[in-house]
Structure formats: C-alpha cells, structure tokens
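**Q** Here the numbering used here is used: position 222 in the sequence shown is 223, and no number is missing along the way.
For glycine and all other residues, C-beta sits at the position ideal for the given N, C-alpha and C.
Quick one: structure below, then a few questions.
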Amino acid sequence: MPYITNKHLNILSTYVSVFIIINIFLPRLSGQDLPEEKQEIIKTFEAQLEDAQKITILPNILPIASIKKKYTYNITILPLEIKYPDPVIKPLATDPDLAFEKHAFYARGGYGNKSNPLFRLMYTHTDEHQLDYHIFLSHDGFNNKEITLQKGSRSQVDGGIRFRLKEKMQINTNVNARYDENQFYFVHTNGQDIPSDPLRKQLRYAVNADLYNPVASTDATNYKIGLSYSVFSLGNPRTTEGHVKTTLTLEKNSGPWQIAIPVQLNGVLQSGIDDLYHVNFTPALKYGGKKIWIKAGSAFYYDSDKLSRLWPDITVDFKLGGSGLRIFVASQLKVTSNNLHRLTENNPWINPAFPALTNAISREVLGGIKGEVTFLGYELNLGYAKMDNLDNYTQMETIWSPALKLNNVNAVFLRGNADFAISDRVNIGGHLIKNFYNTAGDIPLYGVHSLELRANSTFHLWKNKLKLIPELFITDRSTTLLTDDFAGSMKEVVLNNRVELNVMLDWWLGKKMGLYARANNILNNKYEKWYGYPAMGIHFNGGVLLKW
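Structure (structure tokens):
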C-alpha cells in the first residue's frame, strides 16, 4: 500500500486553491462579454451508448367519448340499354336522304331558281344514361311562275325529351306542329275556272308521351303506357279533326319465352260527321331460339260502327346456316285510318266532305327470305291481302278537288328491298312494291299506283369531304275518274307515270362549314299524281351547311 508523501500534499493543496479561486471569480466573468481577442471554445457533448439507461415512461391518454356518425350513399347503377328486337319484317320505304347527320348542331339553308327557299336546323343533346333532347326547325317553299298559282310552303317544328326517371322507368315526350299552304293551281283542259278562293291552309299539332321500362333482360317484366293527342285544321272548306290514342303493353320474359299483351284505343273526331273509335288487341306468345323465332297470337279489331275482324297474328322465322339467309312466313292484320290527317299527306287537294270516317283494314298472309351478309342486306316477300275500306280517289264531285270513294279489294303483292355496302364509301339500295289488284266487277282503283320503285345510292369522295346522293323514283300510270262537262257523263283519264331523278351534293370546306347543291327532277318529267296537278319540272337549290 502506497504512502501519502509531502509531494502529494503539495499537489492536492494546489488543486484546492485553484478550485477556490475559480468559484470566487467565475460568477463575475459569466455576466461579462469575453474580450475580443479571446475565443470561447465549447466542446460538443457526445453521448455514449454504453452510458445510456432505459427509462420506462407510460403516456397519459385521456379517454375519448365514442361518436357514431351515419353516412348515406346514393349509388345509381345504370346498365347499358340492351334490346333484343323481334325479327320484324323491315319496312319497305326507307328514306336514305336524311336531312341530318349525328351532330349536336346541324343546319342546311339555301335558295333555288323556282323561288324555293330551304331551311333545316337541328340541335340535339345526348346522354345515353339519363337525358336526351332535341329541337328541329324547317321551312320549304316554291313558286313556279310558269304555271299560275303553282306555289306552296311548309313550316314545321319538333321537340322531344327522353328522361330516365330510374333504372326501370323512362319517359319519352314529343311536341310538334306543322303549317302548310297549297294553291288550287288546277291546269285546265276545258276552260273551267279555278275556285274563287284558291288557297288551302293546313295546320296540325300534336303531343305524345310514353312511359316504359327501358331495361331488357331474359327474366324482366316490361311495360309501356302511351298517350297522344293531335289536331288537324283544314281551311277552304273549314274542317277540324282531332285524334286521340292510348296504348298499354305488358310483356313478361322467361328465358327464351315471352308473353305480350298489347291493347290500343284510337279515336277520330271530325266536325260534321260521327266520331270513330276502334280497339286493336293483339296478345301473343313468343319464342326465340338460336335458329328459330316464333310468334303465335291473334289480332282483334273492333270499332264503334260494330265492324269487327279477328285474324291470326303468326310469324315463323327460321335461320338457315348463318345470318346470311332466313326464311319466314307470317299472317298479320294492318289497320290504316282513312282520316284527313293521313289523306292530306298524300293529296293536299282532297275533298274533305267524307260521308263517314272509316279504317282501311288489310288481312295479309305472306312469306319470303331475308338476310344480311358482309356487304348486303335484303328481303323479298310474296303475299296475299284482302282489304276493306281502301281509300280510292275520284274527281266526281268537283273538277278541282278529288273525292274519296271506298272499295273492297283483293291483291297479290311482291315486295322487296336491298342495301349494298360496296365499300365504306359506296352504298346502293332501294325498294320495290308491285301489287296485282282485283276488285269486284273489275272497277279500277283511281289514284292508286300498282308499281313503285325507288333506287338510291351514297358516294363518299375526296376523304369524305364530298357526299353525292342520287335517287330515282319510278311509278306506273294511274287512272282517275272525272266528270265530262261536255258529254254530261263520267270518263276515265290515264295520267303520266313518274320517272324522277334527283341528285344532291354536300361539299365540306372544313370541319364545321360546307356547301350543298341539289338538282330536282333532272329528267324534267312533269308527271301527274292527281289529274290537273302536274309536278314541277327541273329545278335547283343550293346553299350553306353548318355543323359542330
């Protein structure tokens, strides 16, 4: 064990003295700045891991009262609208000369050499899931100064809304109106004077609404409720006619089977004569397989004049191989109203003094072939029809206004249509109707054509900047019956047949603007559909196109 020497005591005394001096003077120096020539050196403290100690600290967490919040989420699932249409026999008369393409806004306006202005405008909004609406405006007119009073005009407006209320409920509404003016410009052959008031005015307006289930599935119950009302007002002579129609259709699907129960109530109310109401009831059972589609039902017609017709409503459609060839047979009942609203569309100069309101009823049996391949869609059918109350026109009462006569008619008909898509830029199509009529006592059908042919084509040229649309119409000659004022008896007159060629050209200068030109009746065929009222010869129209 070592001993403490004097040397050790001296060293310890020195350390104690220094410690005392530091403790005396350090408090005074800590409140003063260091001299400028001095530097303060602070050694960084570095903790060593081996010196660290583990200390347990528990957090003080205050209790929180639980809060329950209720959130409501409205999620609407709108499936794509999928429809499985029946293999219906296609309508024969389709119009390829559509005024509008699929754009939000489309307009066509111009003028021609027969003082014939033309104006078309359409605006549409499309939302496949919720809301669609459109507005359409148009005006046409002509004034051929080569023939006295051969002039007229037509203005119309149409608006519609489709709105999906919920998944299985949709409503379609439509409002439209049209105003026509036509002159009795009768071309005289015997010196007769035209009527003292040659102007005939026509005003028609209508509103309709349909409520139905737009969702189609193999096990759905579909429904449709429809209501429409329209008014037709004719001037010279003053006549008013109203139309009301209600429809109710229920369809129940179960796999490939479907039960359909449609019923329709129609009413025609015309001033001066008795109203006419009729009911159509066509329940049917349908089956759709991979190769065969069958509809078996009955069509029942009954009107307020106690006229009734019961006819089988049957269609059998069978696929041979692919979709390129199908054969079908059908039996069907068709009802067409002989009212002023429809007949003035055909002949604006018709005599409105009907003895009574009637419906033309056609009972048809037919069969044929149809199909679609890569470049061709077609249909051809042959059938037999027995028609009651067929509208038939004569000019017996006055020389300037055709009258209506009714007849019972049997007919064998041949109908066909075809649409050739030669390429993406060239389409050619058309339709043919040929009727072989047989009437009691072989009485001719006056004002009725037995042959109608229409051919049309569309050519898209120059990177789709040019669209050329030629169309050809051909009919056979019709016969009219009129009073021979000199002999005091009736005589038959055979009218010119229609051979009309029209051509329209659209030329787009940019994405939103273009020019159009149309040549009408290029062959200058002044045919007569009604005795004394020849169609205009060759005439032209051209103007501006707009779209976006």
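Could you tell me whether the region 380 to 399 touches the region 408 to 426, where touching means 3 or more Cβ pairs closer than 8 angstroms?
**A** yes
**Q** Who pairs with T316 in a beta bridge, going by DSSP?
**A** K296 and A331
**Q** Counting only the same chain and skipping the five closest in sequence on each side, list residues whose C-beta sits under 7 angstroms from that of N390.
**A** Short of 7 angstroms from the beta carbon of N390, and not among the five residues preceding or following it, lie these beta carbons of its own chain, in chain order: N339, T359, N360, A361, I362 and L407.
**Q** Just verifying my parser: in three-state terms, what is the DSSP assignment at N352?
**A** coil
**Q** Could you give the distance in angstroms between the alpha-carbon of D304 and the alpha-carbon of A354?
**A** The alpha-carbon atoms of D304 and A354 are separated by roughly 21 angstroms.
**Q** Measure the Cβ-Cβ separation of R205 and F185 and say whether it is below 8 angstroms.
**A** no
**Q** Thinking F376 and A419 are a contact (beta carbons under 8 angstroms), I'd like their distance in whole angstroms, please.
**A** Incorrect: roughly 11 angstroms between the Cβ atoms, too far for contact.
**Q** Measuring only the C-alpha atoms, how far is W312 from S299?
**A** Between W312 and S299, the C-alpha separation is close to 6 angstroms.
**Q** Going by the CB atoms, is the gap between T476 and E453 shorter than 8 angstroms?
**A** yes
**Q** If L506 and L467 are in contact, beta carbons under 8 angstroms, what's the gap, nearest whole angstrom?
**A** 7 angstroms
**Q** Name the DSSP bridge partner or partners of K406?
**A** N393
**Q** Quick one: grab the DSSP three-state call for L344.
**A** It is helical.
**Q** May I ask you to report which of helix, strand or coil DSSP gives G1?
**A** Nothing about residue 1 can be reported from this structure: the residues present for the chain run from 2 to 549 only.
**Q** What first and last residue would you give for the beta strand (DSSP E) that runs through V566?
**A** The question about residue 566 has no answer, for the chain in this structure spans 2 to 549.
**Q** Which residue from A297, A285 and N267 puts its Cα closest to that of Y278?
**A** Looking from the CA of Y278, the closest CA among A297, A285 and N267 belongs to N267.
**Q** On the criterion of 16 or more Cβ atoms from any shown chain inside 10 Å, does E346 qualify as buried, or is it exposed?
**A** exposed
**Q** On the criterion of 16 or more Cβ atoms from any shown chain inside 10 Å, does K152 qualify as buried, or is it exposed?
**A** With 16 or more other Cβ atoms within 10 Å, it is buried.
**Q** Please list, in chain order, all residues of the same chain as L146 whose beta carbon is under 7 angstroms from its beta carbon, the five residues on each side excluded.
**A** The sequence given here has Lys at residue 146, not Leu. Around K146: no qualifying Cβ.
**Q** Where do the ends of the beta strand (DSSP E) carrying R426 lie?
**A** Looking at the DSSP string, R426 is not in any beta strand (DSSP E), and its letter there is neither H nor E.
**Q** In whole angstroms, what is the alpha-carbon distance linking Y224 and M491?
**A** 54 angstroms
**Q** Is the Cβ-Cβ distance between S402 and W350 less than 8 angstroms?
**A** Cβ atoms of S402 and W350: closer than 8 angstroms.
**Q** Going by the beta-carbon positions, is the gap between Q265 and K246 smaller than 8 angstroms?
**A** yes
**Q** Taking buried to mean at least 16 other C-beta atoms within 10 Å of its own C-beta, is K530 buried or exposed?
**A** buried
**Q** Name the DSSP beta bridge partners of H140, please?
**A** F120 and S156
**Q** Would you kindly work out how many angstroms separate the C-alpha atoms of L228 and Q271, rounded to a whole number?
**A** 19 angstroms
**Q** Counting only the same chain and skipping the five closest in sequence on each side, list residues whose C-beta sits under 6 angstroms from that of I293.
**A** F319
**Q** Check whether the Cβ of I370 lies closer than 8 angstroms to any Cβ atom in chain C.
**A** No chain C appears in the structure shown, which is made up of a single protein chain.
**Q** Taking the C-alpha atoms as reference points, what is the distance between L99 and I539?
**A** Because the pLDDT at L99 is just 36, under 50, the model does not fix this residue reliably, and the value given afterwards should be weighed accordingly. C-alpha separation (whole angstroms): 21 angstroms.
**Q** Does the region 511 to 525 touch the region 426 to 446, meaning 3 or more C-beta pairs lie closer than 8 angstroms?
**A** no
**Q** Using the Cα positions of V317 and F164, report the straight-line distance between them to the nearest angstrom.
**A** 35 angstroms
**Q** Terminal residues of the continuous beta strand (DSSP E) containing E550?
**A** The chain is shown only over 2 to 549; residue 550 falls outside these bounds and no answer can be derived.
**Q** Who are the Cβ neighbours of G160 in its own chain at under 6 angstroms, not counting the five residues just before and after it?
**A** I136 and V176
**Q** Quick check on S332: buried or exposed, where buried means 16 or more other Cβ atoms within 10 Å of its Cβ?
**A** buried
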